[in-house]
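Only one structure is covered here, and it is reproduced in the block below.
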Amino acid sequence: MTRGNQRERDRERAQARKAGGKGKDDGLTPEQRRERDKKALEEKAAKKAAGGGASTDTKKKGTDKK
70 MTRGNQRERD RERAQARKAG GKGKDDGLTP EQRRERDKKA LEEKAAKKAA
120 GGGASTDTKK KGTDKK
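Okay, so the sequence shown: first residue is 70 according to my numbering, each after it adds one.
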């Protein structure tokens, strides 16, 4: 079984993925990134609290068949 140009194709795919993703190269220092993430988490928590605190648990409790 021959692999042909699999290595070359793999390199091309890796380059395409690397160029497409944003990764850590967003121009921010670690402190700025932490601050940005902290604000995002606070906004998410505030939105969840304002929404009545709806549970995201999809398991139905108390529906066991005996």
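Cβ coordinates follow ideal geometry from the N, Cα and C atoms, glycine included.
For clarity, every value in this text was computed on a predicted model and none was experimentally measured.
Nearest-angstrom Cα separation, counted from residue j out to residue i
i: residue 73; j: residue 97; result: 42 Å
i: residue 78; j: residue 119; result: 49 Å
i: residue 80; j: residue 106; result: 32 Å
i: residue 115; j: residue 128; result: 24 Å
i: residue 111; j: residue 104; result: 11 Å
i: residue 85; j: residue 109; result: 29 Å
i: residue 83; j: residue 95; result: 20 Å
i: residue 76; j: residue 99; result: 35 Å
i: residue 113; j: residue 88; result: 29 Å
N-terminal and C-terminal residue of the alpha helix (DSSP H) that residue i is part of
i: residue 113; result: 99–119
Three-state secondary structure (DSSP) of residue i
i: residue 95; result: coil
i: residue 72; result: coil
i: residue 128; result: coil
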